[in-house]
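Read through the structure below, which is laid out as structure tokens, and then see the notes.
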Amino acid sequence: MPTYLRLINQHFHWLILLGAILLSPMVYVLYSWQVDEARNQEFQFYQSSLIEKVDVLIKEKQNTTQALAVAMTSPPNFKNALLNGDPNLQEKLAHYTHQLKKLTKYKGVWIQLVDNTGVSLARSWTTKKGDNLAKVRQDIASMIQNPRRINNFSVGKFALTFKSIVPIFDDQNRFIGMVDVISQIDSIDQALSEMSDVHSVVLVDKRYRRQLTNAFTGKFVDDYYVANIDATEPDIKLIERYGVERAFKDSGYKVFDGYLMVTRHISDINGQPMATWVTLKPLDSFEFIHVYDTQKQFVIMTLFIVLLLIFLLAMMYFKHQAELEKRFFFEVFDTSTEIVYVSNQRRILFANRRFFEFFDTFQNIEEFHQTYHCICELFVPEEGYLRRYVDGIYWFDHVIGNKEKSHYAKIRWHDRDYIFLVKATDISSHFGTDYVSVLMTDITEEEHYKNRLEYLIAHDELTDVHNRHYFNQYLQNVMAERPDPFCMVFIDVDHFKQVNDAHGHDMGDKVLVEVSQALEGLLRVRDVLCRVGGEEFAIMLPDTHLENGLILAERYREAVADLTVDKGRLSVTISLGVVQLQADDSLQSFYKRADRALYLAKQQGRNRVEIDRTL
Numbered sequence: 001m002p003t004y005l006r007l008i009n010q011h012f013h014w015l016i017l018l019g020a021i022l023l024s025p026m027v028y029v030l031y032s033w034q035v036d037e038a039r040n041q042e043f044q045f046y047q048s049s050l051i052e053k054v055d056v057l058i059k060e061k062q063n064t065t066q067a068l069a070v071a072m073t074s075p076p077n078f079k080n081a082l083l084n085g086d087p088n089l090q091e092k093l094a095h096y097t098h099q100l101k102k103l104t105k106y107k108g109v110w111i112q113l114v115d116n117t118g119v120s121l122a123r124s125w126t127t128k129k130g131d132n133l134a135k136v137r138q139d140i141a142s143m144i145q146n147p148r149r150i151n152n153f154s155v156g157k158f159a160l161t162f163k164s165i166v167p168i169f170d171d172q173n174r175f176i177g178m179v180d181v182i183s184q185i186d187s188i189d190q191a192l193s194e195m196s197d198v199h200s201v202v203l204v205d206k207r208y209r210r211q212l213t214n215a216f217t218g219k220f221v222d223d224y225y226v227a228n229i230d231a232t233e234p235d236i237k238l239i240e241r242y243g244v245e246r247a248f249k250d251s252g253y254k255v256f257d258g259y260l261m262v263t264r265h266i267s268d269i270n271g272q273p274m275a276t277w278v279t280l281k282p283l284d285s286f287e288f289i290h291v292y293d294t295q296k297q298f299v300i301m302t303l304f305i306v307l308l309l310i311f312l313l314a315m316m317y318f319k320h321q322a323e324l325e326k327r328f329f330f331e332v333f334d335t336s337t338e339i340v341y342v343s344n345q346r347r348i349l350f351a352n353r354r355f356f357e358f359f360d361t362f363q364n365i366e367e368f369h370q371t372y373h374c375i376c377e378l379f380v381p382e383e384g385y386l387r388r389y390v391d392g393i394y395w396f397d398h399v400i401g402n403k404e405k406s407h408y409a410k411i412r413w414h415d416r417d418y419i420f421l422v423k424a425t426d427i428s429s430h431f432g433t434d435y436v437s438v439l440m441t442d443i444t445e446e447e448h449y450k451n452r453l454e455y456l457i458a459h460d461e462l463t464d465v466h467n468r469h470y471f472n473q474y475l476q477n478v479m480a481e482r483p484d485p486f487c488m489v490f491i492d493v494d495h496f497k498q499v500n501d502a503h504g505h506d507m508g509d510k511v512l513v514e515v516s517q518a519l520e521g522l523l524r525v526r527d528v529l530c531r532v533g534g535e536e537f538a539i540m541l542p543d544t545h546l547e548n549g550l551i552l553a554e555r556y557r558e559a560v561a562d563l564t565v566d567k568g569r570l571s572v573t574i575s576l577g578v579v580q581l582q583a584d585d586s587l588q589s590f591y592k593r594a595d596r597a598l599y600l601a602k603q604q605g606r607n608r609v610e611i612d613r614t615l
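If you read the sequence shown in this note's numbering, its first letter stands for residue 1, the second for the next number, and so on.
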């Protein structure tokens, strides 16, 4: 044996000790770095998760606010107010927002009507009016220059709010004003607090200080307006200690005074900084589970290095395995309120607690896979929802390849349908080539409210048949598609004013309901009944020639004539005008011919059907 090998053999334990002593500082430095890195990674994951939740809440706010704004342009009330004035407009707006608060989940909605010069005609939340908003709001000025739908955050005289502005046009398609639907940010603040247990302070740029003459919260700090009503004094004081301007301009996250501070900037219509959403979460509320894992791993590794340096390679292997498990856990984030799991596209490898709370008949992944090979087996294959293959592409790959789109899955579980917003992320850069992280957010209730709102927009509140808004859209589609044959019947309840005068408006409403029910009972599968005015109805008859339309109209007339209201004490009749769509008809001419036929029926004595063949 060579001398150097003999020396090594004789002093091997000392070499191990010396190696351990030399490696100890390196191990300590590496240990400290890993702990800090693990902590920062958790902060980064929390930041991205929180900002994503804020973005989802803002998107939901945008969709619902715009839907409300569009719905409000349909009734003639606002158009008449813009053209002719309405001394009771403010009371009507206040009543409308009160009904929204009472009957829906939209509690903090304001509405105002603005003319085509930017002057506020009425506000639902105050009697103040007559001020020119175009001078203080860029979105109003932009609408006047280019009438279109606008959705944006903006600062007015009262608050920072999300606004959806929809233009209103007269019958000659001239821009006459706009409906401005304003949603408060406090609902987002409260939802964020409930979802993530964080405090928020929303700071509006100090350049709006003079503009906020009627500041809703009344709170200012260094001329920055505090926009959310639930912002607490301790949180505001903390931001003051950190530096208000610094907090307003910062991006990402910062650790300060025992809190993790995450900021999200809000821009105006021109993309300029307008406000900053600052969230605060106490550091002691973080579990730092993966940090503790890191500490344990390094204790074990250090013991192995001190006791047996020759097993260093084995220790590196075990460290790699532990790091892999830590990263898996990091991706899944077991405390998430959404369903989160990791898959290799063949089977689920790891799932969070929410997964098993939803699929409550399974205790673990193995039990789940004994029944289902893929979660996509539970997808309801309906239009607009994910299925196993979308356009020939496996659903994982479809979602990952179209991240800019929103993807929805309908899952039937326990004989009930649930709707999920689905996001998938390829994490192969961390784990290999096939791993996918899937996040599924339950939006069943949100979809229910959305569908209910869409139904209310398209249906008459009294009779529950389609309304004038739906009628206009349907007729525009008819003009675009030009179906042949196609008939339309205009209907007017005879002497309806006398019914109201003699029996009261409640009885008048009852007459309208029973007339609509009688007409609805005679509709064919594709026929459409709409209430287009006070006592006026219209029935659309696809695939119907004029002669058949006349026959159907007679049936309608006879059915209503045989109708008795209020236990037989009252009967009514209807007059009907029937027209068939002709090749040269425009929307206006088609409408006028139907109206002309109805007028002729009333002129000829009422309770009769007349037709119009002319253009």
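We treat Cβ as the ideally placed atom computed from N, Cα and C, and that holds for glycine. Since we're looking at a predicted model, the values are computed, not measured.
Contact check, residue i vs residue j, beta carbons under 8 Å
i, j, result
"residue 204", "residue 155", "yes"
"residue 165", "residue 67", "no"
"residue 408", "residue 384", "yes"
"residue 439", "residue 340", "yes"
"residue 422", "residue 386", "yes"
"residue 104", "residue 168", "no"
"residue 267", "residue 274", "yes"
"residue 434", "residue 344", "yes"
"residue 252", "residue 47", "yes"
"residue 112", "residue 180", "yes"
"residue 519", "residue 529", "yes"
"residue 225", "residue 207", "no"
"residue 410", "residue 382", "yes"
"residue 110", "residue 127", "no"
"residue 101", "residue 188", "no"
Assumed close pair residue i, residue j - CB separation to whole angstroms, cut-off 8 Å
i, j, result
"residue 467", "residue 526", "Their Cβ separation, rounded to whole angstroms, is 19 Å, which puts residue 467 and residue 526 out of contact at 8 Å."
"residue 162", "residue 183", "5 Å"
"residue 350", "residue 356", "With a Cβ gap of about 12 Å, residue 350 and residue 356 do not count as contacting."
"residue 593", "residue 609", "Actually they do not touch by this definition, with Cβ atoms about 14 Å apart."
"residue 186", "residue 228", "6 Å"
"residue 269", "residue 55", "Going by Cβ atoms, the distance from residue 269 to residue 55 rounds to 18 Å, so no, they are not a contact pair."
"residue 276", "residue 248", "5 Å"
"residue 597", "residue 471", "Contact flag wrong, Cβ pair sits at about 17 Å."
"residue 564", "residue 607", "With 8 Å as the limit, residue 564 and residue 607 do not qualify as a contact, their Cβ atoms being about 15 Å apart."
Per DSSP, the bridge partner or partners of residue i
i, result
"residue 147", "BP columns for residue 147 are empty, so no partner."
"residue 178", "114, 167"
"residue 49", "Paired residues: none, contrary to the question."
"residue 380", "According to DSSP, residue 380 bridges with nothing at all."
"residue 523", "Beta-bridge pairing links residue 523 to no other residue."
"residue 420", "409, 442"
"residue 610", "577"
"residue 152", "163"
"residue 348", "343"
"residue 183", "109, 162"
N-terminal and C-terminal residue of the beta strand (DSSP E) that residue i is part of
i, result
"residue 489", "486-493"
"residue 234", "Not the beta strand (DSSP E): residue 234 falls in the alpha helix (DSSP H), residues 233-242."
"residue 577", "574-580"
"residue 277", "273-282"
"residue 538", "536-542"
"residue 122", "120-123"
"residue 556", "Residue 556 -> not in any beta strand (DSSP E); alpha helix (DSSP H) instead, spanning 546-561."
"residue 532", "No beta strand (DSSP E) holds residue 532; DSSP gives it neither H nor E."
"residue 256", "252-256"
Extent of the continuous alpha helix (DSSP H) to which residue i belongs
i, result
"residue 481", "468-481"
"residue 508", "505-520"
"residue 266", "Not the alpha helix (DSSP H): residue 266 falls in the beta strand (DSSP E), residues 259-267."
"residue 202", "No alpha helix (DSSP H) contains residue 202, which is instead part of the beta strand (DSSP E) from 199-204."
Residues near residue i by beta carbon distance below 6 Å, same chain, minus five either side
i, result
"residue 555", "522"
"residue 199", "235, 280"
"residue 400", "424, 426"
"residue 141", "134"
"residue 455", "none"
"residue 119", "132"
"residue 376", "388, 395"
Other residues of its chain near residue i: CB distance less than 8 Å, five sequence neighbours each side excluded
i, result
"residue 546", "485, 487, 578, 579, 580, 611, 613"
"residue 509", "462"
"residue 570", "499, 503, 507, 511, 564"
Cut-off 7 Å between Cβ atoms - residues of its own chain near residue i, not counting five sequence neighbours on either side
i, result
"residue 602", "492, 575"
"residue 347", "369"
"residue 116", "144, 175, 176, 177"
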